[in-house]
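Chemist: Sharing a structure, written as structure tokens. Questions coming.
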Amino acid sequence: MYLNLFSARHQIMHDFLTPLTESLADGKFISLTMSKPRGPRADDAVNRITVRPVEVKGQTLFQWTCQYSKREVHENLSASQVIERVAQEFGSVFKHAHLFTADVDIAARSNKRGDCRITISPASKRAPASVSHDRQKQYLIPEGRPCPFLHELGVMTQDGRVHRSMQHKFRQINRFLEFVEDVIPHLPAEGTLDVVDFGCGLSYLTFALHHLLAVIHTRDVRILGIDRNSQVIDRCTHTCGKLNLEGIEFTADTIDAQHAARKVHLAVALHACDTATDDALAQAVRWQADVILAAPCCQHELAPQLDSPSLSLLTRHGILRERLAAMATDALRAAILEQAGYRTQIIEFIDTEHTPKNLLLRAVRQSAPAIDANQEVRINEF
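One point on numbering: in this note's numbering, the residue at position 52 of the sequence shown is 48, and numbering is uninterrupted.
If you want it as structure tokens, here you go:
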């Protein structure tokens, strides 16, 4: 695959680069070292390169470490990037290279002419049991411990093992619960907690909310999941009955139909489409919810209106127009919530590698809201 890339270099280099390529591809790569810099070296020059596999968010990468006299610089690369850099630097920058694989050790020495002498010996290193670069995450719902609602929703097996295809959903659920855990001090310490989930959909996070508040924190709850899709509501109601859950119910309805006065402690709107997010925020403010958590979905309302000549460099590209509209919409939402008396933050919900829709609006109602007249003017001007 990579041979053509290196054919311009001295043929004997392939005796080193080929097994490197193969070991990276078949998972037998353990580590690589390049040393003995060629020629005079400046004080801030790299003295040595080491490479080892690491696992980052479930993906195998390779940590490229540049060792200087007084510091180290780390960078995570793909296999193809490692091969390209070794091809560039071995021989021209470093005279020695040592490849350790599960099968053999390969030592290479390059001379001034660029030729390479290869020595092959039995493997001297064993692969580490784990190359994970991630800290072990302590989840509110830990993997390996059976959780009835996650099993019923197909996220876990009965014995608590998370299905591979549901790993992202499992992380998303726990990430959401971390945000809820953070705002619990802003909810009433006693009595029944009243929670509304606007646009609950299949209700993975609604059931997770119930688990956190009713099971982990042993609170009395009254959770209402609202969605206009009657089929998903029927499914959620069936799941609720099958698990014998108390304090949670679902209704097929629209957000703007929620006129009844009630005291809501926590209002949630996760990926309610387009202006449905604004409907949910407006209703939560009318109810004077103590805490609002909203993860906006698509923001199509503003995008067609971005026709200012001063923005033409951005708006002539469709994808940039959409992203600009999304940022502007969320900024307006946050500003309006602040004017309504909420301390508001915009924070990352989940990693951008999974979805570009990764922001969460977290708003906590203040006991004595300070209205900023200047900000109201700025909002109206915008």
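The C-beta atom is built at its ideal place from N, Cα and C for all residues, glycine as well. From a predicted model like this one, the values you see are computed outputs, not experimental measurements.
Quick check: the segment 242 to 249 against the segment 165 to 176, are there 3 or more CB pairs under 8 angstroms?
Modeler: no
Chemist: Would you give the residue range spanned by the beta strand (DSSP E) that Lys32 belongs to?
Modeler: Stepping through the sequence shown from its first residue, residue 32 is reached at position 36. Segment 25 to 33, the beta strand (DSSP E) holding Lys32.
Chemist: Provide the residue(s) that pair with His70 in DSSP beta bridges, ordered along the chain.
Modeler: Counting from one through the sequence shown, the residue named residue 70 turns up at place 74. Beta-bridge pairing links His70 to Thr61.
Chemist: Express the C-alpha separation of Leu95 and Asp101 in angstroms, rounding to a whole number.
Modeler: On the sequence shown, residue 101 is found 105 positions in, with the first residue counted as 1. On the sequence shown, residue 95 is found 99 positions in, with the first residue counted as 1. For Asp101 and Leu95, the distance between alpha carbons rounds to 6 angstroms.
Chemist: So, with DSSP's three-state summary, where would you put Ser106?
Modeler: Reading the sequence shown from its first residue, position 110 is the one you call residue 106. Collapsing the DSSP output to three states places Ser106 in a strand.
Chemist: Please check the pair Phe25 and Ser19, which I expect to be a contact at CB under 8 angstroms, by giving their CB distance rounded to whole angstroms.
Modeler: For the purposes of this step, residue 25 is taken as the residue at position 29 of the sequence shown. For the purposes of this step, residue 19 is taken as the residue at position 23 of the sequence shown. The pair is a contact, with the Cβ atoms about 4 angstroms apart (cut-off 8 angstroms).
Chemist: Use the C-beta contact count for Asp40: other C-beta atoms within 10 angstroms, 16 or more gives buried, fewer gives exposed.
Modeler: In the sequence shown, counting from the first residue as 1, residue 40 sits at position 44. Flag for Asp40 reads exposed.
Chemist: Distance check for Thr233 and Thr273, CA to CA, integer angstroms please.
Modeler: For the purposes of this step, residue 273 is taken as the residue at position 277 of the sequence shown. For the purposes of this step, residue 233 is taken as the residue at position 237 of the sequence shown. In a straight line, the C-alpha of Thr273 is about 23 angstroms away from that of Thr233.
Chemist: Exposed or buried, what is Thr188 when buried is set at 16 or more other beta-carbons lying within 10 Å of its beta-carbon?
Modeler: Position 192 of the sequence shown, counting from 1, holds the residue named residue 188. Result: exposed.
Chemist: Using alpha carbons as the reference points, say which of Asp216, Asp275, Ser27 lies closest to Val82.
Modeler: Mapped onto the sequence shown, residue 82 falls at position 86. Comparing Cα positions, the closest option is Ser27.
Chemist: Which whole runs of the beta strand (DSSP E) in the segment 212 to 281 are 3 residues long or more, in chain order?
Modeler: 217 to 223, 244 to 248, 262 to 266
Chemist: Could you pull out every residue in the same chain whose Cβ sits closer than 6 angstroms to the Cβ of Gln59, ignoring the five residues on either side in sequence?
Modeler: Here residue 59 corresponds to residue number 63 of the sequence shown, with the count starting at 1. Once the five neighbours on either side are set aside, the close Cβ partners of Gln59 are Arg48, Val50, His70, Asn72.
Chemist: In chain order, what residues of the same chain lie with their CB nearer than 7 angstroms to the CB of Gly197, ignoring the 5 residues before and after it?
Modeler: Within the sequence shown, the letter at position 201 stands for residue 197. Contacts found: Asp223, Val228.
Chemist: Out of Gln279, His267, Leu239, point me to the one whose CA is closest to Ala256's CA.
Modeler: Against the sequence shown, residue 256 aligns to sequence position 260. Answer by Cα proximity: Gln279.
Chemist: Given a threshold of 16 other Cβ atoms within 10 Å of its Cβ, counted over all protein chains shown, does Gly195 qualify as buried or as exposed?
Modeler: As a first step, residue 195 is located in the sequence shown; it is residue number 199 there, counting from the start. Under the 10 Å beta carbon count, Gly195 is surrounded by 16 or more other beta carbons and is classified as buried.
Chemist: Return the CA-CA distance between Val179 and Ala21, expressed in angstroms with no decimal places.
Modeler: Along the sequence shown, one-based indexing puts residue 179 at 183. Along the sequence shown, one-based indexing puts residue 21 at 25. Val179 and Ala21: Cα-Cα distance of roughly 46 angstroms.
Chemist: In angstroms with no decimal places, state the Cα-to-Cα distance between Asp11 and Arg113.
Modeler: Within the sequence shown, residue 11 is the residue found at index 15, counting from 1. Within the sequence shown, residue 113 is the residue found at index 117, counting from 1. Straight through space, the alpha carbons of Arg113 and Asp11 are spaced by roughly 9 angstroms.
Chemist: Do Val287 and His182 have their CB atoms nearer than 8 angstroms?
Modeler: As a working mapping, residue 287 is identified with position 291 in the sequence shown. As a working mapping, residue 182 is identified with position 186 in the sequence shown. Contact flag set, yes.
Chemist: For Ile116, collect the residues of the same chain with a Cβ closer than 6 angstroms to its Cβ; drop the 5 residues on either side in sequence, then sort them by chain order.
Modeler: Within the sequence shown, numbered from 1, the residue matching residue 116 stands at position 120. Correct list, in chain order: Val100, Ile102.
Chemist: Thinking C-alpha only, which one of Met162, Arg358, Arg258 is nearest Val191?
Modeler: On the sequence shown, residue 191 is found 195 positions in, with the first residue counted as 1. Closest option to Val191, Cα to Cα, is Arg258.
Chemist: So, for Thr250: in the same chain, excluding its five sequence neighbours on each side, which residues have a beta-carbon less than 7 angstroms away from its beta-carbon?
Modeler: Your numbering for residue 250 matches position 254 in the sequence shown. Only Arg224 meet the Cβ criterion.
Chemist: When we look at the beta-carbon of Lys91 and count the other beta-carbons within 10 Å, is it buried (16 or more) or exposed?
Modeler: In the sequence shown, the residue the question calls residue 91 occupies position 95. Under this definition Lys91 is a buried residue.
Chemist: Asp286 lies in the alpha helix (DSSP H); which residues open and close that run?
Modeler: Position 290 of the sequence shown, counting from 1, holds the residue named residue 286. Element bounds for Asp286: n/a, residue is neither H nor E.
Chemist: In whole angstroms, what separates the C-alpha of Tyr64 from that of Ser88?
Modeler: For the purposes of this step, residue 64 is taken as the residue at position 68 of the sequence shown. For the purposes of this step, residue 88 is taken as the residue at position 92 of the sequence shown. If I take the Cα positions, the gap works out to 18 angstroms.
Chemist: Looking at C-alpha atoms only, which residue of Glu85, Ala119, Gln84 is the closest neighbour of Ala98?
Modeler: Start at 1 with the first residue of the sequence shown, and residue 98 comes out as number 102. It is Ala119.
Chemist: Helix, strand or coil: how does DSSP classify His94 here?
Modeler: Locating residue 94 in the sequence shown gives position 98, counting from the first residue. In this structure, His94 counts as strand in the three-state DSSP scheme.
Chemist: In chain order, what residues of the same chain lie with their CB nearer than 6 angstroms to the CB of Ser363, ignoring the 5 residues before and after it?
Modeler: Looking up residue 363 in the sequence shown gives position 367. Around Ser363: no qualifying Cβ.
Chemist: Do Arg361 and Gln284 have their C-beta atoms within less than 8 angstroms of each other?
Modeler: Locating residue 361 in the sequence shown gives position 365, counting from the first residue. Locating residue 284 in the sequence shown gives position 288, counting from the first residue. In this structure, Gln284 lies closer than 8 angstroms to Arg361 by Cβ.
Chemist: Counting only the same chain and skipping the five closest in sequence on each side, list residues whose C-beta sits under 6 angstroms from that of Ala104.
Modeler: On the sequence shown, position 108 is the one that residue 104 refers to. So the list reads Phe12, Ala93, Cys112, Ile114, once near-sequence residues are dropped.
Chemist: Taking all protein chains shown into account, do 16 or more other C-beta atoms lie within 10 angstroms of the C-beta of Pro15, making it buried, or fewer, making it exposed?
Modeler: The residue labelled residue 15 in the question sits at position 19 within the sequence shown. The residue in question, Pro15, is buried, as its Cβ has 16 or more Cβ neighbours within 10 Å.
Chemist: Taking only runs that begin and end inside the segment 123 to 203, name each unbroken alpha helix (DSSP H) of 4 or more residues, in chain order.
Modeler: 144 to 148, 163 to 179
Chemist: Measuring only from the beta carbon, is Leu149 closer than 7 angstroms to any heavy atom that is part of the ligand NAD?
Modeler: By its list of ligands, the structure shown contains no ligand whatsoever, and the ligand NAD lies outside what it can speak to.
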